[in-house]
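Structure, as structure tokens:
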Amino acid sequence: ETNTITFNSAISSCEQAGRWEKALELCGLMVGSKVKFDTITANTTLSVCNDAGEWRRVLQILSGMALHHVNPNTITLNAAISACQKDCNWGNVLWLLRSVEQRNVEANVATSNAAITACKNSSVWERALGYVGTTVQSGVQTNTVTCNVGMSACDTVGVWE
Numbered sequence: 001e002t003n004t005i006t007f008n009s010a011i012s013s014c015e016q017a018g019r020w021e022k023a024l025e026l027c028g029l030m031v032g033s034k035v036k037f038d039t040i041t042a043n044t045t046l047s048v049c050n051d052a053g054e055w056r057r058v059l060q061i062l063s064g065m066a067l068h069h070v071n072p073n074t075i076t077l078n079a080a081i082s083a084c085q086k087d088c089n090w091g092n093v094l095w096l097l098r099s100v101e102q103r104n105v106e107a108n109v110a111t112s113n114a115a116i117t118a119c120k121n122s123s124v125w126e127r128a129l130g131y132v133g134t135t136v137q138s139g140v141q142t143n144t145v146t147c148n149v150g151m152s153a154c155d156t157v158g159v160w161e
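If you're matching positions, the sequence shown starts at 1 in the numbering used here and goes up one per residue.
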């Protein structure tokens, strides 16, 4: 019998092989077969699309989770933020950060670093620094990456004093 575990295993194999199109095809088969689409399914599919630079697909999967009554977790949202961050799409990153708050998903240092990096890469250094401050104030643990990206954002525009 084909079940969620079987599909998740196949999607994981697609991730290891870098076959994002096949992973999406399997998700479609899953839904068509009325097999439960769960957070693991979503996270694995998000990961393979993220690795392929398919940030639009990542956002589609995230939206599809709501249709299937699947709740995202920190891993889900970090993968989505990372995909948008790689494309310098800071607007979507900030939208996703609001989504983290609205869905009561716990942000972590990876969440913060991806958001700060997206802002820095988009030359929105004020937002990058603002998010460094918000991260510290919210009690999310920071690391050297957090500090380095914040400083780099200032350096990019010559505002380091």
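Backbone N, C-alpha and C define an ideal beta-carbon position, used for all residues, glycine too. Just so you know, these numbers come straight off a predicted model, no measurement behind them.
Can you tell me which of the three DSSP states A115 falls into?
helix
Using CA coordinates, which residue listed in C14, W20, V31 is at the minimum distance from T4?
V31
From V149 to N113, what does the alpha carbon distance come to, in whole angstroms?
8 Å
Using the Cβ count rule (16 or more neighbours within 10 Å means buried), how would you classify K36?
exposed
Can you find the residues in the same chain that come closer than 8 Å, C-beta to C-beta, to S33, ignoring five residues on each side of it along the sequence?
T2
DSSP three-state call for A79: helix, strand or coil?
helix
Unbroken alpha helix (DSSP H) run spanning V132, endpoints:
125 to 138
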